[in-house]
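Q: Protein chains in written order, with this note's numbering: chain Z, 28 to 151; chain R, 4 to 160. All C-beta atoms in this analysis are idealised placements derived from N, C-alpha and C, irrespective of residue type, glycine included.
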Amino acid sequence: MSELAHGIVVAHGVLAAALVGEAERISGELGVLVAVSNSECGPEDIERRLVEAAGQGPAVIFVDMPCGSCFFAAMRTARNRPDLRVVTGVNLPMLLDFVSHRTLPPADGAARAAGKGTDAIRQV
Amino acid sequence: MPVVVYRVDDRLVHGQVVIGWGKPLNLGFIVLVDDGVAASDWERDLYRMGVPSEIELIFSGVAEATRQLPHWRSDHRKGLVLTADVSTMAALCQGAPPVERVNLGGVHHKAGRTARLPYVYLTDEEFRVLEGLQAAGTEVVAQDLPTSQPVPLEQLR
Chain Z
28 MSELAHGIVV AHGVLAAALV GEAERISGEL GVLVAVSNSE CGPEDIERRL
78 VEAAGQGPAV IFVDMPCGSC FFAAMRTARN RPDLRVVTGV NLPMLLDFVS
128 HRTLPPADGA ARAAGKGTDA IRQV
Chain R
4 MPVVVYRVDD RLVHGQVVIG WGKPLNLGFI VLVDDGVAAS DWERDLYRMG
54 VPSEIELIFS GVAEATRQLP HWRSDHRKGL VLTADVSTMA ALCQGAPPVE
104 RVNLGGVHHK AGRTARLPYV YLTDEEFRVL EGLQAAGTEV VAQDLPTSQP
154 VPLEQLR
C-alpha cells in the first residue's frame, strides 16, 4: 500500500493554525495536517518551513491566496516534486474532504479537495 | 506620473505591494528589478500570477533598470520599483538618480542581520549603505503599508 498523503496549510499570520485546529476538531483526524505561517518570514524562511513540513511526501500544500509569499514558496517547494501538489484558496470544506481521502494519489486528492472547496463557495 | 515608490521587499510581489500600496496609489505598473528573476521564465510566470491585469508587471535586470528608469519616470501611469535587497536598490539610486525616497517594506532575518523592526532586519553593512544613500540625498524610511507611520532610518540604528 502506498504512503498516505498528508496536508500542509500555509497562510498569513495565524490563519493556517486556526484552519488546521478547526479541521482537527471537526474531523477528529489528528496529525494529518501541518500549519505553516509566514509571520516575520522572508521567502527563504517560508520555503524552508514548507520543505521541512513536506518531508518525503506525498503531500498536498494548501495555500490561502493564489499569489503572494505563501503561494510563491509553495510553488517553489513543489517544483520538481511530483509527490507534492498545490491547492489555493484553502477553506475548511476542502480540508475536511482531504483528510478523509488520503489514500488518493496527491494529484487526485488535490483535485478532489479543490472541487469540494469550490463547491462550498455559494451565494445563498 | 513619476515612479511614486521605490521599495525594498524580499518577498517582491505580494499582497502588501499589490493591494496595500497598489490600490490606494492606483498603480499602473510595477517594475521588479532582479537579475535572477529577469533571467528565469519560470520565475517570471510565477510572479505574473500575483498581479492583477490592471497593473503591468515589468521585469528587469539591474543594468537595464538603470538605463530604463528615466523612461519609467516619464510614464503617464504611476509606478512602483521593487527590489529584493538593499544592494540592488543602492545600485539603482546611484546609477539612475534622483531617487527621492526609498521605502524599506520587508527585509527579513538572515545570518548577520539584526532586528530593527519586526519587518526590517539589516546587517551593519546594509545599514551603512543606506546611510550613504541618505547622505547622497535619498531619504530612507521603513514603512510596510501606506497607512502605517514611516520610520526614519535614524531610528533603525
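Can you list, in chain order, the residues of its chain whose CB lies under 7 Å from that of residue 134 (chain Z), leaving out five sequence neighbours each side?
A: Cβ within range, chain order: 112.
Q: Taking C-beta pairs closer than 8 Å, name the residues in chain Z that residue 121 (chain R) reaches, listed in chain order.
A: Simply 67.
Q: 9 Å is my cut-off, CB to CB: does residue 105 (chain R) come that close to chain Z?
A: No, residue 105 (chain R) does not count as interfacial toward chain Z.
Q: Using the rule of at least 16 other Cβ atoms within 10 Å of the residue's Cβ for burial, across every protein chain shown, is residue 151 (chain Z) buried or exposed?
A: The residue in question, residue 151 (chain Z), is exposed, as its Cβ has fewer than 16 Cβ neighbours within 10 Å.
Q: Is residue 161 (chain R) buried or exposed, if buried means 16 or more other CB atoms sit within 10 Å of its CB?
A: Residue 161 (chain R) lies beyond the range of chain R shown here (4 to 160); nothing can be said about it.
Q: Can you tell me whether residue 45 (chain R) is buried or exposed, with buried defined as 16 or more other CB within 10 angstroms of its CB?
A: That one is exposed.
Q: Over what stretch of residues does the alpha helix (DSSP H) that includes residue 147 (chain Z) continue unbroken?
A: Counting along the chain, residue 147 (chain Z) falls outside any alpha helix (DSSP H), and DSSP gives it neither H nor E.
Q: How is residue 133 (chain Z) classed by DSSP in three states: helix, strand or coil?
A: Three-state DSSP puts residue 133 (chain Z) in a helix.
Q: Rounded to the nearest angstrom, what separates residue 145 (chain Z) and residue 118 (chain R) at their Cα positions?
A: One C-alpha to the other measures close to 41 Å.
Q: Do the stretch 74-83 of chain R and the stretch 125-141 of chain Z make contact, defined as three or more Cβ pairs closer than 8 Å?
A: Counting Cβ pairs under 8 Å, fewer than three are found: no touch.
Q: Give the residues of chain Z in contact with residue 79 (chain R), contact being defined as C-beta atoms less than 9 Å apart.
A: Result: empty, since nearest Cβ-Cβ is about 26 Å, beyond 9 Å.
Q: How far does the beta strand (DSSP E) with residue 90 (chain R) in it reach, from first residue to last?
A: Where residue 90 (chain R) is concerned, there is no enclosing beta strand (DSSP E), although the alpha helix (DSSP H) it sits in stretches over 89-98.
Q: Buried or exposed for residue 132 (chain R), going by 16 or more other Cβ atoms inside 10 Å?
A: Its Cβ being crowded by 16 or more others within 10 Å, residue 132 (chain R) is buried.
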